[in-house]
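Here's the structure, in structure tokens; my notes come after.
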Amino acid sequence: MSKSQQYGSKGQSWHPDFIRYMEFIANHETYRGMPDAFNEENKIQWEAPSNRSSGKYKDTHHKRREWWRRKAVSISIDPQSAKWISRTARQIHPTLKKPCKLCGRVMELRYVYPSSTFLKRLIKMGYVDESFPLEPFERITDLVTRLVEVFGDSVFSHLPDLLQTSEIVPPNLEPNLPDWLDWIEKEYVPQEPSILSPGAMSNAPDRFDGFHSFNLCCRSSADKGRSQSNLRAYTTDRRVFEYWTEGNWIAADRLMGRIRADFSGESCFNGHPGPCSADHVGPLSLGFTHRPEFQLLCKRCNSAKNNRMSLREVVHLRKVEAAGETVISWHSKALWDLRKNDVLDEETALRLSKILRDNRHTLMSVLQRIDDARHFTFLATFLELEYAEQKVEFVNLHIENHITQFERISYLPRETKYVEEQKARRCRVAFESLRDYFRKITRNAYVVTTSQIEGKIVDALEFLERSSSEIQKLDKQISKLLSSSSEIQGEESFRAIVERIPREHPVNFVEAKTRITEAMHLVAVELSNQWNSDRYVRGELNLDS
Numbered sequence: 052m053s054k055s056q057q058y059g060s061k062g063q064s065w066h067p068d069f070i071r072y073m074e075f076i077a078n079h080e081t082y083r084g085m086p087d088a089f090n091e092e093n094k095i096q097w098e099a100p101s102n103r104s105s106g107k108y109k110d111t112h113h114k115r116r117e118w119w120r121r122k123a124v125s126i127s128i129d130p131q132s133a134k135w136i137s138r139t140a141r142q143i144h145p146t147l148k149k150p151c152k153l154c155g156r157v158m159e160l161r162y163v164y165p166s167s168t169f170l171k172r173l174i175k176m177g178y179v180d181e182s183f184p185l186e187p188f189e190r191i192t193d194l195v196t197r198l199v200e201v202f203g204d205s206v207f208s209h210l211p212d213l214l215q216t217s218e219i220v221p222p223n224l225e226p227n228l229p230d231w232l233d234w235i236e237k238e239y240v241p242q243e244p245s246i247l248s249p250g251a252m253s254n255a256p257d258r259f260d261g262f263h264s265f266n267l268c269c270r271s272s273a274d275k276g277r278s279q280s281n282l283r284a285y286t287t288d289r290r291v292f293e294y295w296t297e298g299n300w301i302a303a304d305r306l307m308g309r310i311r312a313d314f315s316g317e318s319c320f321n322g323h324p325g326p327c328s329a330d331h332v333g334p335l336s337l338g339f340t341h342r343p344e345f346q347l348l349c350k351r352c353n354s355a356k357n358n359r360m361s362l363r364e365v366v367h368l369r370k371v372e373a374a375g376e377t378v379i380s381w382h383s384k385a386l387w388d389l390r391k392n393d394v395l396d397e398e399t400a401l402r403l404s405k406i407l408r409d410n411r412h413t414l415m416s417v418l419q420r421i422d423d424a425r426h427f428t429f430l431a432t433f434l435e436l437e438y439a440e441q442k443v444e445f446v447n448l449h450i451e452n453h454i455t456q457f458e459r460i461s462y463l464p465r466e467t468k469y470v471e472e473q474k475a476r477r478c479r480v481a482f483e484s485l486r487d488y489f490r491k492i493t494r495n496a497y498v499v500t501t502s503q504i505e506g507k508i509v510d511a512l513e514f515l516e517r518s519s520s521e522i523q524k525l526d527k528q529i530s531k532l533l534s535s536s537s538e539i540q541g542e543e544s545f546r547a548i549v550e551r552i553p554r555e556h557p558v559n560f561v562e563a564k565t566r567i568t569e570a571m572h573l574v575a576v577e578l579s580n581q582w583n584s585d586r587y588v589r590g591e592l593n594l595d596s
């Protein structure tokens with residue numbers, strides 16, 4: 052019998068990572084002398100509920116409470132003081148991290164995760180929308196860093212109100228991200244602020260380590276505001292398209308933040324009053340680039356647009372492209388070039404939207420095959436991580452005819468540790484988003500395939516099999532990180548490998564991308580030939596999935 056089968060309750064096995072954690076804790080010097088640590092079968096007595104009324108271990112709960120009392124005294128915590136047992140459990144824990152018994156996700160035991168109260172404050176301030184989705188169980192320092200990266204220095208004036216509690220008044224710090232992060236880590240988190248949560252609440256003496264076995268990720272009943280269903284209202288599928296399309300994402304994200312900070316009160320393109328948010332003229336989900344140009348739309352108009360393009364938007368994109376800008380990503384350019392000039396009215400604009408939608412489904416199926424073949428380093432080269440090394444400012448930014456305008460972008464190098472963190476986060480979330488896309492079994496995707504297209508894809512995969520030993524080693528490391536249930540360890544490890552992703556693409560990478568580009572050109576021809584088919588002329592395609 053495996054160890055995962057030895058431990059379990061109500062027909063449910065415990066996660067293998069949690070069982071390894073149990074063994075680590077039960078044999079750690081810190082917990083020496085824990086009463087009834089093992090039973091007659093040498094299994095760890097992890098749980099000691101207070102409601103045992105009979106049996107050999109009916110007094111285990113009481114004996115363990117006494118053990119915790121003595122441990123508290125040994126580290127100068129008064130057992131008569133408030134929260135003495137939870138403070139003791141946290142102070143003696145050897146790693147301050149633990150995996151979840153159900154899913155295995157590793158989370159911190161410090162108060163580092165925003166609670167529902169915190170998130171409501173953030174939402175009320177207007178920061179959370181399609182341009183700034185919430186990440187499940189994102190640490191407070193990561194969230195603050197991301198806020199500043201997207202919205203700029205205006206965030207600092209809101210941090211005191213965002214972080215204040217009845218017992219903690221944030222200091223008047225300079226608008227400097229390192230200073231704020233240092234204060235949050237060293238002063239704020241140790242005070243266990245009420246608007247933050249630990250990855251697992253204290254549950255001593257009921258549990259061996261003094262913490263609930265289910266982490267925050269699987270204790271939705273503990274905090275309704277942090278449940279996945281509620282978070283889904285603020286996190287959308289558009290993330291995956293953002294990561295796998297071309298464009299200066301650091302400039303585009305910065306401009307979205309500037310719109311939120313400085314121009315949200317502007318009226319909507321369709322004449323409705325604000326507040327407005329940034330909307331891509333060419334939807335990312337249809338293969339257009341994530342570039343620094345947005346139109347202002349109110350929430351109602353943004354929802355109604357639903358990934359569709361209007362005649363006006365197609366005309367605008369053609370004009371911008373004619374002026375020298377790249378408006379469409381490499382994987383969708385062939386189809387755009389074949390049909391962009393056939394858009395003459397609203398019906399043909401919608402038709403192009405539908406046909407680009409199927410082009411993207413086909414692209415995603417190709418990326419899935421590359422992911423399945425574990426060529427992760429090659430996929431990572433599509434993420435354009437080098438843009439993180441830029442600090443951008445928009446000179447004379449203004450709104451003209453409800454569309455952002457500026458004289459030029461000022462670029463400065465960024466050489467801080469947050470560049471590495473931002474690259475690591477982008478890499479991790481991009482791969483996670485890609486796999487989330489593949490797991491959605493409700494997708495009724497139309498994937499274009501012919502023997503010629505298949506031949507190009509097979510050729511690309513064969514080229515990728517010729518990667519150097521160093522690339523193959525990196526592929527294995529990324530694969531291991533993606534299979535890990537620990538988001539914390541995963542992101543830390545990604546920081547160590549992002550700089551090893553080659554800036555100059557190896558010859559076999561260049562050849563593989565050429566074959567995929569050729570395959571997408573063949574896909575474009577197939578789809579273009581269906582321009583007048585009922586599927587696109589009359590079909591009611593769901594452009595939102």
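Be aware that the sequence shown starts at 52, since it is given in the numbering used here, and climbs by one per residue.
Just so it is clear, CB atoms sit at the ideal spot from N, CA and C, and this is done for glycine as well.
Fair warning: this is a prediction, and the values are worked out from it, not measured in the lab.
1) Specify whether the segment 358-374 and the segment 397-413 touch according to this definition: at least 3 beta carbon pairs, one from each stretch, less than 8 Å apart.
2) Report the rounded CA-to-CA distance for Asn266 versus Lys237, giving the unit in angstroms.
3) List the whole-angstrom C-beta distance separating Leu414 from Lys442, where the pair is believed to meet the contact cut-off of C-beta under 8 Å.
4) Report buried or exposed for Phe339, applying the criterion of at least 16 other Cβ atoms within 10 angstroms of its Cβ.
5) Name the DSSP bridge partner or partners of Ser248?
6) According to the Cβ coordinates, are Trp300 and Tyr162 closer than 8 Å?
7) Where does Met176 fall in DSSP's three states?
8) Check the C-beta distance from Ile143 over to Lys122 and give it rounded, since I have them as a contact under 8 Å.
9) How is the beta strand (DSSP E) around Tyr438 delimited, first residue to last?
10) Using the three-state DSSP reduction, which class does Glu516 fall into: helix, strand or coil?
11) Looking only at DSSP bridge pairs, what is Cys349 linked to?
12) How many Å lie between Ala133 and Arg408 at the Cα?
13) Roughly how many angstroms separate the alpha carbons of His412 and Tyr497, rounded to a whole number?
14) If we ignore side chains and look at the alpha-carbon of each, how far apart do Glu555 and Ala302 end up?
15) Which partner residues of Gln456 appear in the DSSP bridge assignment?
16) Quick one: any contact between the segment 145-152 and the segment 227-245, if contact means 3 or more CB pairs under 8 Å?
17) Considering only residues of the same chain and omitting the five flanking positions on each side of Ser272, which have a CB-CB separation below 8 Å?
18) Rounded to the nearest angstrom, what separates Leu156 and Trp118 at their Cα positions?
19) Write down every uninterrupted run of the alpha helix (DSSP H) in the segment 87-151 whose length is 4 residues or greater and which is fully enclosed by it, in chain order.
20) Using the Cα positions of Thr20 and Asn227, report the straight-line distance between them to the nearest angstrom.
21) Opposite Ser64 in the DSSP bridges: which residues?
22) On the CB-based measure, 16 or more other CB atoms within 10 Å of its CB, does Asp204 come out buried or exposed?
23) Roughly how far, in whole angstroms, is the beta-carbon of Gly308 from the beta-carbon of Val201, given that I think they are within contact range, below 8 Å?
With the given structure in hand:
1) Touching, yes.
2) Rounded to the nearest angstrom, the two C-alpha atoms are 24 Å apart.
3) With 8 Å as the limit, Leu414 and Lys442 do not qualify as a contact, their Cβ atoms being about 31 Å apart.
4) Result: buried.
5) Its beta-bridge partners are Tyr164.
6) Not a contact, by the Cβ cut-off of 8 Å.
7) In the structure shown, Met176 sits in coil (DSSP, three-state: anything other than H, G, I, E or B).
8) Going by Cβ atoms, the distance from Ile143 to Lys122 rounds to 6 Å, so yes, they are a contact pair.
9) Unbroken run through Tyr438: none, as it is neither H nor E.
10) In the structure shown, Glu516 sits in coil (DSSP, three-state: anything other than H, G, I, E or B).
11) As computed with DSSP, Cys349 is found in a beta bridge with Cys327.
12) Rounded to the nearest angstrom, the two C-alpha atoms are 58 Å apart.
13) Rounded to the nearest angstrom, the two C-alpha atoms are 7 Å apart.
14) About 22 Å.
15) His449, per the DSSP bridge assignment.
16) No, because fewer than three Cβ pairs between the segment 145-152 and the segment 227-245 fall closer than 8 Å, the two stretches do not touch.
17) Below a pLDDT of 50, predicted positions are generally treated as unreliable, and Ser272, at 44, falls in that range; the measurement from the model is reported next regardless. Once the five neighbours on either side are set aside, Ser272 has no close Cβ partner at all.
18) Looking at the sequence itself, residue 156 is Arg, so the reference to Leu does not match. Each residue's alpha carbon lies about 29 Å from the other.
19) Secondary structure within the segment 87-151: the alpha helix (DSSP H) runs of 4 or more consecutive residues, fully enclosed, are 111-125, 135-143 (chain order).
20) In the structure displayed, the chain extends from 52 to 596; residue 20 sits before or after that span and is not available.
21) Partner(s): Gly59.
22) Its Cβ having fewer than 16 others within 10 Å, Asp204 is exposed.
23) Sure, about 4 Å apart at Cβ, within 8 Å.
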